[in-house]
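Encoded as structure tokens, the structure appears first; notes follow it.
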Ligand code: NDP
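If you want it as structure tokens, here you go:
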């Protein structure tokens, strides 16, 4: 097998990405050099942060290049190896997603234990999104027992785990918002959120009012949600600014929360964070959250689409709420 397929960025999106911004390319796999592995990717992750990398701007990760393959988290099986440390047949995680096969140094793959959880879990609850949820609630927001937590984007990869971790860590009340009645029911009926609302059904500030005051806001969305949360925060409340997906496709600088001045009178802490800043608590995350996931006390959900050809659609689906839990592409 010498040919494989990968997805390239054909052009930079202006506003909401469209399929024409991407191109599937057939390419030839190079022969392995020493200490390299050939991985057959089995599950690819698509994540909201990838939208930012499609713009040619400086950020905490470099931009994708036009006419070059995109990349991102994925898991797969080693099919060839010239490394003594990684054997053929090993399940691994690495960063060369958006393609069917990857050739990379053995040091760039991380073996994963598929007897603990399916490989896909390492891209979701047991991976970067789960760790983001844990770090945001603990290291960033300093959640304390008995507090009221509000989580936006609550039916997604990070939000669905954050709500359940908050409950396990002793939150008094866990409130979520999501984009459909079906998602809202899932949050309250299956994930144990105390209450949830559909942010498309009415103004966020109005729907959040009955759950106020909020001690900790885990913000995945920004925009109207952030403004509403500031309005309903308790004195000395903490806001973990994780993401602002409502603005990722904006073509003009979106307005900031108009009520930011309330942060003074309420003595709020608004703190942005990037999950990779918190690698010091990675083992604490595995030790604390791993058993909850393994035992099923924390419910994990994945939305799969099948085939490399569906990767773009899966990515675009993040912007329209097509996923419940983690959005993944199964090859
Ligand atoms: P999700 O699984 O939550 O998928 C994205 C979801 O966002 C969609 O399902 C959709 O759900 C919702 N959404 C899309 N557009 C809007 C909108 N305009 N307003 C409100 N909700 C919208 O993604 P992740 O869990 O992977 O990521 C969640 C957030 O966390 C993102 O903002 C992401 O960038 C951020 N993040 C930050 C990290 C960090 O280190 N700081 C690390 C990982 C993620 P719905 O149907 O509810 O609208």
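Residue numbers (our numbering): 175 to 505.
For each residue, glycine too, the CB sits at the ideal point set by N, CA and C.
All values reported here derive from a predicted model rather than from experimental measurement.
Can you tell which of 402, 423 and 441 has the C-alpha that lies nearest to the C-alpha of residue 412?
Here residue 412 is taken as the residue at index 238 of the chain shown, counted from 1. Closest by alpha carbon: 441.
Among the residues of its own chain, which have a CB less than 7 Å from the CB of residue 178, if the five just before and after it don't count?
Taking the chain shown and counting its residues from 1, the one referred to as residue 178 is at position 4. Same-chain partners within the cutoff: 201, 203, 273, 274 and 275.
Leaving out five residues before and five after residue 467 in sequence, what residues of the same chain have Cβ atoms less than 8 Å from its Cβ?
Residue 467 sits at position 293 when you count from the first residue of the chain shown. These residues qualify, in order along the chain: 291, 295, 299, 300, 304 and 474.
Going by DSSP, what residue range makes up the alpha helix (DSSP H) through residue 308?
As a working note, residue 308 is residue 134 in the chain shown. 302-309 is the extent of the alpha helix (DSSP H) around residue 308.
What three-state label does DSSP hand residue 267 in the structure shown?
Sequence index remark: in the chain shown, residue 267 carries index 93 (1-based). When DSSP states are grouped into helix, strand and coil, residue 267 belongs to the strand group.
The ligand NDP heavy atoms versus the CB of residue 454: any closer than 6 Å?
Taking the chain shown and counting its residues from 1, one reaches residue 454 at position 280. Distance from the C-beta of residue 454 to the nearest heavy atom of the ligand NDP is not below 6 Å.
Comparing alpha-carbon positions, which option in 297, 424 and 258 lies nearest residue 279?
For the purposes of this step, residue 279 is taken as residue 105 along the chain shown, with counting starting at 1. For the residues 297, 424 and 258, the minimum Cα distance to residue 279 belongs to 258.
With distances taken from CA atoms, which of 322, 395, 182 and 345 is nearest residue 329?
As a working note, residue 329 is residue 155 in the chain shown. Distances from the alpha-carbon of residue 329 to those of 322, 395, 182 and 345 put 395 closest.
Within 10 Å of its beta-carbon, does residue 345 have 16 or more other beta-carbons around it, so buried, or fewer, so exposed?
Position 171 of the chain shown, counted from the first residue, corresponds to residue 345. Residue 345 comes out buried.
Can you check the segment 341-385 for any beta strand (DSSP E) of at least 3 residues that lies completely inside it and give the ranges in chain order?
Every beta strand (DSSP E) stretch that sits fully inside the segment 341-385 and reaches 3 residues is listed by chain position as 347-352 and 369-372.
Sort 423, 220 and 490 by Cα distance to residue 501 and report the nearest one.
Counting from one through the chain shown, the residue named residue 501 turns up at place 327. It is 220.
Between residue 386 and the rest of its own chain, which residues show a CB-CB distance below 7 Å, the 5 nearest in sequence each way excluded?
For this step, residue 386 is matched to residue 212 along the chain shown. Excluding positions up to five away in sequence, the list reads 406.
C-alpha distance - residue 415 paired with residue 207, whole-angstrom precision
Translated into positions along the chain shown, residue 415 becomes position 241. Translated into positions along the chain shown, residue 207 becomes position 33. Their backbone Cα atoms lie some 43 Å apart in a straight line.
So what does DSSP say about residue 233, is it helix, strand or coil?
Counted from its first residue, the chain shown places residue 233 at position 59. Residue 233: coil per DSSP, three-state reduction.
Which of the three DSSP states is assigned to residue 225 in this structure?
For the purposes of this step, residue 225 is taken as residue 51 along the chain shown, with counting starting at 1. If DSSP states are grouped into helix, strand and coil, residue 225 belongs with the helices.
Would DSSP call residue 456 helix, strand or coil?
The residue given as residue 456 occupies position 282 in the chain shown. If DSSP states are grouped into helix, strand and coil, residue 456 belongs with the helices.
The alpha helix (DSSP H) spanning residue 487 covers which residue range?
Walking along the chain shown from the start, residue 487 turns up at place 313. Counting along the chain, the alpha helix (DSSP H) containing residue 487 begins and ends at 485-494.
Segments of 3+ residues assigned as beta strand (DSSP E) that fall wholly inside the segment 180-223
Complete beta strand (DSSP E) runs here, min 3: 196-202 and 210-219.
Give the DSSP-derived three-state secondary structure of residue 465 in the structure shown.
By one-based count along the chain shown, residue 465 stands at place 291. DSSP places residue 465 in helix when its eight states are reduced to three.
State the beta-bridge partners of residue 248 as determined by DSSP.
Mapped onto the chain shown, residue 248 falls at position 74. In DSSP, residue 248 forms a bridge with 218 and 268.
Closest to residue 494 by C-alpha separation, out of 247, 253, 243 and 420, would be which residue?
The residue you call residue 494 lines up with position 320 of the chain shown. Ranked by Cα distance from residue 494, the first of 247, 253, 243 and 420 is 420.
Secondary structure, beta strand (DSSP E): runs of 3+ residues fully inside the segment 407-447
Secondary structure in the segment 407-447: the beta strand (DSSP E) runs of 3 residues or longer, each lying completely within the stretch, are 407-415 and 443-446 in chain order.
Going along the chain, which residues of its own chain have a beta-carbon closer than 7 Å to the beta-carbon of residue 366, five neighbours each way excluded?
Translated into the one-based positions of the chain shown, residue 366 becomes position 192. Closer than 7 Å at the Cβ level, and outside the excluded window around residue 366, lie 338 and 341.
Can you give me the Cβ contacts of residue 181 inside the same chain, cut-off strictly under 8 Å, excluding the 5 residues immediately before and after it?
As a working mapping, residue 181 is identified with position 7 in the chain shown. Answer for residue 181: 196, 197, 198, 199, 243, 244, 272, 273, 482, 485 and 486, listed in chain order.
Exposed or buried, which one is residue 210 when buried takes at least 16 other CB atoms within 10 Å?
Counting from one through the chain shown, the residue named residue 210 turns up at place 36. Note on residue 210: 16 or more other CB atoms within 10 angstroms of its CB, so buried under the neighbour-count rule.
Residue 477 - containing beta strand (DSSP E), residue span:
Residue mapping note: residue 477 aligns to position 303 of the chain shown, counting from 1. Its beta strand (DSSP E) spans residues 476-480.
With a 10 Å radius around its C-beta and 16 neighbouring C-beta atoms as the bar for buried, classify residue 431 as buried or exposed.
Indexing the chain shown from 1 puts residue 431 at position 257. So residue 431 ends up on the buried side.
Could you tell me whether the Cβ atoms of residue 389 and residue 322 are closer together than 7 Å?
Taking the first residue of the chain shown as position 1, residue 389 is located at position 215. Taking the first residue of the chain shown as position 1, residue 322 is located at position 148. A contact, by the Cβ cut-off of 7 Å.
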